[in-house]
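Here is the structure we will look at, set down as structure tokens.
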Amino acid sequence: MQKFIHFAFAALLFPLFLADAAHGEDAAASAETKPLQVLLVAGGCCHDYASQTKLLKEGLEERLDAKVTVVLSDNTSTRARFDIYESDDWADGYDVVIHDECSADVIEKPYVNRILKQHLDGVPAVNLHCAMHSYRWDDFRKPVEDGADNAGWYEMLGLQSTGHGPKFPIDVKHMSQHPITAGMEDWTTINEELYNNVRVFDGASALIQGVQETPPNKRQLKQNPNAKAKEATAVVAWTNEYGPNKTRIFSTSLGHQNETVADARYMDLVSRGVLWAAGQLDETTASAE
0 MQKFIHFAFA ALLFPLFLAD AAHGEDAAAS AETKPLQVLL VAGGCCHDYA SQTKLLKEGL
60 EERLDAKVTV VLSDNTSTRA RFDIYESDDW ADGYDVVIHD ECSADVIEKP YVNRILKQHL
120 DGVPAVNLHC AMHSYRWDDF RKPVEDGADN AGWYEMLGLQ STGHGPKFPI DVKHMSQHPI
180 TAGMEDWTTI NEELYNNVRV FDGASALIQG VQETPPNKRQ LKQNPNAKAK EATAVVAWTN
240 EYGPNKTRIF STSLGHQNET VADARYMDLV SRGVLWAAGQ LDETTASAE
């Protein structure tokens, strides 16, 4: 009789075990499909950030299982600051941060260090266009030294840029096989800005090169009617491993014009950069797409 009672009790519990197992599988599946939490910080000088943040949010959410939270400043100067950066834990709850600000004259070191600390601690970043020309001071036009007072932002980016030439089309040429660029083809932008390369840091890897041909201007033709076009090249997309945690950083200096940001090829690049930075894109997943 006692054995029968034990058997009956076990039989009653068995469905509960199955239910718990199913619940655990559902929870695991839910965790796997949890949308990426992406923070997009944008604003400052020289760009139509109101339009570009909409394009980026819509484009990323169409391509990825992600929720993009936009923090947009209405300050259109090079001194645009963001209240979110006033908190030490400003990136809590986000899987990836997209820096799309243009704040060249924001030079308060404690403010910049608060931004960098979150990435040093392991929060991945994607940097777009004028983010490369933000948070710089002293003689930033010369290659900065490792650990220098004005090197912090460049060390996070993995590449130091100080300026750009006139707006002309850029031939986008893929340089190496990488999960971000796997399967992508070369293309040519509309009139865009080619950012220079002053220094590439250890830990950075070039993905895409930009080649831009600039025809002689009126002054040059007046001085020399036979003046020829000049060709400039620069790395325009790259990855970086930042700090002791080797935080994943993806950057592209393309993206001045709204039409470029809206281009499906550009949006694909940024989307895959977000996935890679978040650790959700590797050789296997890239080849399967």
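Residue 118 in numbering that gives the first Met the number 0 sits at position 119 of the sequence shown; the count goes up by one each step and never skips.
Glycine residues also receive a C-beta, built at the ideal position from the N, C-alpha and C atoms.
Predicted model only: the values in this text are computed from it and were never measured.
Can you check DSSP and say which residues form a bridge with L39?
V69, I97, per the DSSP bridge assignment.
Buried or exposed: which applies to A34, given that a residue is buried once 16 or more other Cβ atoms fall within 10 Å of its Cβ?
Residue 34 is actually Pro in this sequence, not Ala. Taking a 10 Å sphere around the C-beta of P34, we find fewer than 16 other C-beta atoms and assign the residue as exposed.
Tell whether a beta-carbon distance below 8 Å holds between S250 and N74.
In this structure, N74 does not lie closer than 8 Å to S250 by Cβ.
From S102 to D47, what distance separates their C-alpha atoms?
In a straight line, the C-alpha of S102 is about 14 Å away from that of D47.
Using a 10 Å radius around the Cβ and a threshold of 16 neighbouring Cβ atoms, would you call L268 buried or exposed?
That one is buried.
Could you check if N223 is buried or exposed, using at least 16 other CB atoms within 10 Å of its CB as the buried criterion?
N223 should be labelled exposed.
CA-CA distance, R271 and G42?
Their backbone Cα atoms lie some 23 Å apart in a straight line.
Give me, in chain order, the residues of the same chain whose beta-carbon lies closer than 6 Å to that of V273; leave out the 5 immediate sequence neighbours on both sides.
These residues qualify, in order along the chain: V95, V125.
For A27, does the three-state DSSP call read helix, strand or coil?
Confidence at A27 is low in this model, with a pLDDT of 46, below 50, so the placement of that residue should be treated as unreliable; the coordinate-derived value is given next. Note: A27 maps to helix in three-state DSSP.
Residues that DSSP places opposite R198 in a beta bridge:
DSSP output for R198 lists Q159 as bridge partner(s).
Assign P165 to one of three DSSP states: helix, strand, or coil.
Residue state, collapsed to three classes: coil.
Mind checking whether A79 and Q117 have CB atoms under 8 Å apart?
Not a contact, by the Cβ cut-off of 8 Å.
Beta bridge counterpart(s) of T251 as assigned by DSSP:
DSSP output for T251 lists L127, A236 as bridge partner(s).
Report the residue from S204, Q219, N216, N190 whose alpha carbon sits nearest the alpha carbon of V210.
Among S204, Q219, N216, N190, the Cα nearest to that of V210 belongs to N190.
Identity of the residue in L39, C129, I83, V105 nearest L253 by Cα:
Ranking the options by Cα distance to L253, first place goes to C129.
For the alpha helix (DSSP H) containing A263, name the first residue and the last one.
A263 -> alpha helix (DSSP H) spans 263 to 276.
Going straight from the alpha carbon of Q279 to that of L63, what length do you get?
Going by the C-alpha atoms only, they are around 11 Å apart.
Check E192 in the structure and name its three-state DSSP category.
Shown here, E192 sits in coil according to DSSP, grouped into three states, outside any helix or strand.
Which stretch, first to last residue, makes up the beta strand (DSSP E) that contains T213?
It spans 203 to 213 - the beta strand (DSSP E) in which T213 sits, taken as one unbroken run.
Rounded to the nearest angstrom, how far is the Cβ of V260 from that of Q51, given a contact under 8 Å?
Right, the Cβ-Cβ distance comes to about 5 Å (below 8 Å), so this counts as a contact.
Could you tell me the boundaries of the alpha helix (DSSP H) in which I114 lies?
Unbroken alpha helix (DSSP H) run through I114: 108 to 119.
C-beta atoms of D148 and D138 nearer than 8 Å
No, the Cβ-Cβ distance between D148 and D138 is not below 8 Å.
With which residues is V171 paired in a DSSP beta bridge?
In DSSP, V171 forms a bridge with W186, G209.
Give me the Cβ distance between M131 and S160, rounded to the nearest whole Å; I'm assuming they're in contact under 8 Å.
About 5 Å separates the beta carbons of M131 and S160, which is inside the 8 Å limit, making them a contact pair.
For Y134, does the three-state DSSP call read helix, strand or coil?
Y134: coil per DSSP, three-state reduction.
Suppose you measure from the CA of I207 to the CA of P123; what does that come to, to the nearest Å?
Taking the straight line joining both Cα atoms gives about 20 Å.
A65 versus A228: straight-line alpha-carbon distance, rounded
For the pair A65 and A228, the Cα-to-Cα distance works out to about 44 Å.
Verify whether the separation of the beta carbon atoms of A231 and G157 is less than 8 Å.
No, these two residues do not count as a Cβ contact at 8 Å.
Neighbour-count burial assignment, R140, 16 or more Cβ in a 10 Å radius:
It counts as exposed.
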